[in-house]
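First up is the structure itself, then whatever we jot down about it.
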Amino acid sequence: MLSIKEIQKSLVSGDRSAVEITQAHLALIHKLEPQLHSFITVTEEFAIAQAEKIDNQIAAGEPLSLLSGVPIGIKDNMCTQGILTTCGSKMLQNFIPPYESTVTQKLANLGAVMVGKTNLDEFAMGGSSETSAMGGTANPWDVSRVPGGSSGGSAAAVSAGECVVAVGSDTGGSIRQPASFCGIVGIKPTYGLVSRFGLVAFASSLDQVGSFGRSVEDTAILLEAIAGYDPKDSTSIKVDIPKYSELLTPDLTQSLKGKKIGVIKETFGEGLNSEVDAAVRKAIAHLESMGAEIQEISCPRFRYGLPTYYIIATSEASANLARYDGVKYGLRGESAENLLNMYCQTREQGFGAEVKRRIMIGTYVLSAGYYDAYYLKAQKVRTLIKQDFDRAFEHVDILISPTAPTTAFKSGSKAEDPLSMYLLDLMTIPANLAGLPGLSLPCGFDAQGLPIGLQMVGNVLREDTLLQVAYAYEQSSEWHKRSPSIS
Amino acid sequence: MAKTQYETIIGLETHCQLTTETKIFCGCSTKFGVSPNGNVCPICLGMPGMLPVLNEKVLEYSVKAGLALNCAIAPLSKFDRKQYFYPDLPKNYQISQYDLPIAEHGWLQIELEDGSSKKIGITRLHMEEDAGKLVHAGSDRLSGSSHSLVDYNRAGVPLCEIVSEPDIRSGSEAAAYAQELRRILRYLGVCDGNMQEGSLRCDVNISVRPVGTEKFGTKVEIKNMNSFNAIQRAIDYEIERQVEAYETGEKVIQETRLWEENTQRTISMRTKEGASDYRYFPEPDLVAIAVPDSTLAKYRAELPEFPAAKRQKYRNWGLTGYDAQLIADDRSVAEYFEAAIALGADAKQAFNWIMGDITSYLKEQKLKITDIPLTPTVLAELISLIADQTISSKIAKDILPELLANGGSVKALIKAKNLTVLSGDALESIIDQVIAANPKELEQYRAGKTKLLGFFVGKVMKATNGQAAPQATNQLLNQKLNP
Ligand SMILES: [Zn+2]
């Protein structure tokens, strides 16, 4: 499997053309998709046309970007002009946006080759990619298991080599948790670092677009390409974006002296799988051996993160998804006899069970008489959780925890138990509530050969530190060199 | 037993469409009268993944309106989502402001017919987006129509909602409030106030209660008034209806009623089953608003002098309260008036010319006062030439059409037309000729038929083509007829 820099090298040397590289990836997609189903739409013609453009550029001696000719997957909740964008929902199964998201526009401008739109939990609501109306995605390490979610398609595609890097979105862990389950690197940056323009909203104050790669370097290259202020997104941050990939220098792999790392006490204990526990502790010891200063940090309000998240996220979702009513686009309940009937039929038929559950929770907690007890209180707890982080970052540069309490589970095993599914996000949610950057990278495998993820959370806009420590760990360990046998 | 006296409690909610070029959260034009769905984009259609970005002009206009209404501008304001399902609302929520409106706690002074004035409190002023428009086939309502079409041109047009305190007590006070509010918004240039086109919409909340009771009566909302007159009549009708209901022991129910212009009455539109639950919560796609002090100071400095201050000034200049009200109604007319005064014109004269001949001409030609070549300078010159008797009022009226059409120097015009007033020796010799030519009338006059003075004035005017100075003519005739 090729890295971004390897692709660049072979393009520049003329070893392989962009079309050849793209075709090789498309061939693998065709081979693996019957088993994996990482993609909802494979954009074969679009990809070949894009690759031909790169080859023409090379022939004309025009300069290339690092992403030129790099096969990339885009989560199917990022709008792509003229290309089906379903959000994994029956509601939008025929929806072709007449506009382009800022992120995909940036990638197209840089010459990245989109090979397809990746599978996800319906409207990014879920932790297994099983709620997709187009059917679930399998985990490349064990196809009887889930890849995690909601960006499971992106994670599986990168892990299996169907594309080199991929874009995902993370509302409560939807990049980090599937990265952990699929044994790759995934970063959710600071809220506002990447434009949400064209990202179909789940929970607007928590949603953030991020990147997946098989290495920290690839992940960093993709992040620096999509990050940056966008006047079309009022919540986007006006800040200069560092060249993250250029900060990943060889000296980091020798020593982490001076880096202070906090281990979040509350993320270890009950509910944590013992193999995950052991692998994460080993990784911490490894970081310490590299000269990092390790200390235990308590974030006492973390345990309130889950209920807080499920109030805020569902509240926002209930409003964000109100527009799917059959009036303007998407599915319409056709046999309706009046307006109310049309609304009901459309939403009854268009949304899956998990989406309906969340809309109902959100509608309930925002109702008159309940607002103060739920939504308002949740906003207060959100502030307290932020304060826990603020205090922690007075002492340390990054915080460490397991990404998920377990490794990938069997498909269907949690379908009847939404609460146990929600618990998977326990460790990833607080970073979303606080708007902080979080990253997951492989730190071991369990006895069944399933990947284990290590989560690092950084202070606001400290993606650089996160990526540097992750790079140091990765380059001095072997985990990233394994790949699933399926590919 | 004495008849029960009732008092009426009225509050107004006014939706004002702001006159920005573009919509509140996208770049679409706000132009009226475009073909259906001609002014729409993915953002104002609320399509998946689209995000709102606040039009800075909307904020500026709202802050200025807040300042003009003596409101406190919120140090921190935000938008909220007001949720309800209706096909004219693309996202099925309206981006509005709930608990932190941009402006609060203001007041507006109205002048009543008896010359007294009254302060009406302004509860709040907030920004929001308008909804689209439904066109029903086969019915004027959704229910009963075979199908309905949606036009989203209006969706996302910026509105400013202004809520008054329940300080209003009668239909005429309500109309005065709405008129003064419109005047202020027009002075600011933030709303054109066209009630027919719906760019100014007033909803009335009204209840009556026996004088002396603490508890408010049941509140009824009235909509659909397309003029100030309709507001007044709708309220007067509603007061009568509610008092009658109390008198006959009928229950006034909490509902929304529509004013029906053709039958001059209010009719029930829908009953409110409890309070609607709009599930407001903060709009996460927009950031909180804090207007910097420097910007506030800039906006404050840009505010015009408002009608109330102008009216006071004009009364001090000698206009009646009614006249002051009339000429202060429109900012450009008032400014024209003041410019003429600044050039030395007499206030009463200037008023008469502006509100008389000039206004009729403007109406006839469908022009604005700023459009005509007859500038305040020309008017001031005209008035001063009448005052110093260079020309008579009659001549002034005669040459007005030419001045209205072409402007220019009045002096030059009267010189070119040889219209200067005749006085002194020249006038005296003409008068002598007139007297000499009418010996019979002279004899009758001197015999006591003094009414014949008019006859001689007429003859002099005729002989001078109307150029004779009227006062001098009278004076000279008197001298010569009564030696
Ligand atoms: Zn628009």
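Residue numbers (my numbering), protein chains in the order written: chain A, 1 to 487; chain B, 488 to 970.
Quick reminder that beta carbons are idealized off the backbone N, C-alpha and C, glycines included.
Only a predicted model underlies this, so the values are computations on that prediction, with no experimental measurement involved.
Check	Outcome
Leaving out five residues before and five after G449(A) in sequence, what residues of the same chain have Cβ atoms less than 7 angstroms from its Cβ?	W141
Using only the alpha-carbon positions, how far apart do M488(B) and S651(B) sit?	Reliability fails at M488(B), whose pLDDT of 48 lies under 50, so the model's placement of it is uncertain and the value that follows must be treated cautiously. So the two alpha carbons sit approximately 36 angstroms from each other.
Under 8 angstroms, with one C-beta from each stretch per pair, do the segment 288 to 295 of chain A and the segment 261 to 279 of chain A reach the 3-pair mark?	yes
Let me check you understand the geometry: is the CB of I530(B) closer than 7 angstroms to at least one non-hydrogen atom of ligand 1?	yes
How far does the beta strand (DSSP E) with L595(B) in it reach, from first residue to last?	A590 to E598
Should K881(B) be listed as close to ligand 1, given that the test is whether its C-beta is under 7 angstroms from any heavy atom?	no
I'd like the ranges of any beta strand (DSSP E) spanning at least 3 consecutive residues and lying wholly in the segment 222 to 296 of chain A.	260 to 264
Can you tell me whether V707(B) is helix, strand or coil according to DSSP?	strand
Can you tell me the Cα-Cα spacing of G486(A) and A160(A), whole angstroms?	Gly is not the amino acid found at residue 486(A); the sequence shown has Ile there. Going by the C-alpha atoms only, they are around 7 angstroms apart.
Could you check what DSSP says for K410(A) in three-state terms: helix, strand or coil?	strand
Hey, is K510(B) close to ligand 1, as in C-beta under 7 angstroms from one of its heavy atoms?	yes
If I measure Cβ to Cβ from A555(B) and keep anything under 7 angstroms in the same chain, skipping five residues before and after, which residues do I get?	I671, L675, L790 and F793
Compare the C-alpha of V115(A) against each of E122(A), L107(A) and D121(A) and name the closest.	L107(A)
Of all the residues that make up the segment 213 to 235 of chain A, which are near chain B by a beta-carbon distance shorter than 8 angstroms?	P231, K232, D233, S234 and T235
At 7 angstroms on the CB atoms, spell out the chain A contacts of P771(B), in chain order.	S204, S205 and E316
Measure the beta-carbon distance from G210(A) to I184(A) and round it to whole angstroms, keeping in mind my assumption that it falls under 8 angstroms.	The Cβ separation is near 12 angstroms, so there is no contact.
So for F512(B), helix, strand or coil by DSSP?	coil
If the criterion is Cβ atoms closer than 8 angstroms, does the pair L399(A) and A392(A) meet it?	yes
May I ask whether a heavy atom of ligand 1 can be found less than 7 angstroms away from the beta carbon of G536(B)?	no
Does G536(B) get closer than 8 angstroms to chain A when you measure Cβ to Cβ?	yes
Among the candidates A624(B), R641(B) and A642(B), whose CA atom is the shortest distance from the CA of H634(B)?	A624(B)
Does V739(B) pass the burial test, meaning 16 or more other C-beta atoms within 10 Å, or should it be called exposed?	buried
Note down, in chain order, all residues in the segment 538 to 550 of chain B with a beta-carbon under 8 angstroms from any beta-carbon belonging to chain A.	L538, P539, V540 and L541
Rounding to the nearest angstrom, what Cα-Cα distance links G736(B) and V730(B) in this structure?	10 angstroms
Please decide whether Y580(B) counts as near chain A, where near means a Cβ-Cβ distance under 8 angstroms.	yes
In the DSSP assignment, what are the bridge partners of V622(B)?	L636(B)
Indicate whether at least one CB of chain A lies closer than 8 angstroms to the CB of G533(B).	yes
What residues from chain A crowd round L629(B), counting only those whose CB sits closer than 9 angstroms?	N338 and L339
Just to confirm, are S335(A) and F197(A) a CB contact at a threshold of 8 angstroms?	no
To which residues of the same chain is G704(B) closer than 8 angstroms at the C-beta, ignoring the five residues directly before and after it?	I496, S694, V695, R696, Q729, Y733 and V739
Going by beta carbon distance, what residues of the same chain come within less than 6 angstroms of D617(B), once the five residues before and after it are set aside?	R641, V644 and L646
Tell me which residue opens and which closes the beta strand (DSSP E) that D885(B) is part of.	From DSSP, D885(B) is part of no beta strand (DSSP E) but of the alpha helix (DSSP H) over S880 to N893.
How many angstroms separate the CA atom of A415(A) from the CA atom of G438(A)?	27 angstroms
G88(A) CB to nearest chain B CB: under 8 angstroms?	no
Going along the chain, which residues of its own chain have a beta-carbon closer than 7 angstroms to the beta-carbon of N969(B), five neighbours each way excluded?	none
Please identify, using Cβ separations under 9 angstroms, the residues of the segment 111 to 131 of chain A that lie next to chain B, in order along the chain.	none
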